[in-house]
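One structure is given below, encoded as structure tokens.
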Amino acid sequence: MHELKTLSAKALPSALAKAKTYRFLGEPDEAESICLDILAVEPNNQDALIQLLLSLTDKFSHGHLRDCYSRAREIVDQLDDTYCKYYYIGIIFEKRAKYHLKKEGPGAVEASYEWFVKAMSAYEKALSDCDPDNQDAILRWNSCARLLNNNPEIKPNEDSNADILLDPFEMPH
Numbered sequence: 063m064h065e066l067k068t069l070s071a072k073a074l075p076s077a078l079a080k081a082k083t084y085r086f087l088g089e090p091d092e093a094e095s096i097c098l099d100i101l102a103v104e105p106n107n108q109d110a111l112i113q114l115l116l117s118l119t120d121k122f123s124h125g126h127l128r129d130c131y132s133r134a135r136e137i138v139d140q141l142d143d144t145y146c147k148y149y150y151i152g153i154i155f156e157k158r159a160k161y162h163l164k165k166e167g168p169g170a171v172e173a174s175y176e177w178f179v180k181a182m183s184a185y186e187k188a189l190s191d192c193d194p195d196n197q198d199a200i201l202r203w204n205s206c207a208r209l210l211n212n213n214p215e216i217k218p219n220e221d222s223n224a225d226i227l228l229d230p231f232e233m234p235h
């Protein structure tokens, strides 16, 4: 077993920038590793927690939905700001919706619709209960709405078993 090396505290800002770069390059595993290195030095680093959460959601499409989804949900509990909690729950749900949308099979489209609805509900909560000057949730809500409006085949189906693919809806406290 190889012992991990520890970053110096002075290296944290540049490491965080590298994590963001790796995310943008579509390399979520590398971004995740860097975030874990940052958090080993500074466990409550909010920027690293957010980048870790986003890296985990980036991995949904790589077939790591189950493990990454629960880890991302756990990170939400570590975030300080109420707005972040609702907003980032919305992102988790939205990315899960997109995962189901790309997945083919019985109930996948209906499950996707339900996750989009949950994401939009979380974004609404961020807008109504949190900082009115931060409009990021509007951008995400509108993106979900446009996707649903432009793809009428993404809809609920009462005759479907789509609920089998859904986890309980939990909002942060």
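Numbering-wise (this note's numbering), the sequence shown opens with residue 63 and increments by one.
For each residue, glycine too, the CB sits at the ideal point set by N, CA and C.
Since the structure is predicted, the reported quantities are computational estimates derived from the model, not experimental observations.
With fewer than 16 other Cβ atoms from the protein chains shown falling within 10 Å of its own Cβ, T68 counts as exposed. Taking the CA atoms as reference points, L116 sits about 19 Å from S183.
Distance from the CA atom of D193 to the CA atom of K187, rounded to whole angstroms, is 11 Å. By the C-beta criterion, the segment 169-185 is judged to be in contact with the segment 141-160, since at least 3 inter-stretch pairs fall below 8 Å. Distance between I112 and E104, taken at the CA atoms: about 13 Å. Between A93 and L101, the beta carbon gap of about 13 Å keeps them out of contact (Cβ cut-off 8 Å).
Between Y175 and K217, the gap from beta carbon to beta carbon is short of 8 Å. Here L189 is near A199, since their CB atoms are less than 8 Å apart. Here the alpha carbon of P90 sits roughly 10 Å from the alpha carbon of F122. The DSSP assignment places complete alpha helix (DSSP H) segments of no fewer than 4 residues inside the segment 139-171 at 144-164, in order along the chain. Contact between A81 and I96 holds: CB atoms are separated by about 4 Å, below the 8 Å threshold. In this structure, the straight-line span from the alpha carbon of Q140 to that of S132 is close to 13 Å.
Here the alpha carbons of K160 and N213 stand approximately 13 Å from one another. Excluding five sequence positions before and after L66, the CB atoms of its chain that fall closer than 8 Å to its own CB belong to D99, A102, given in chain order.
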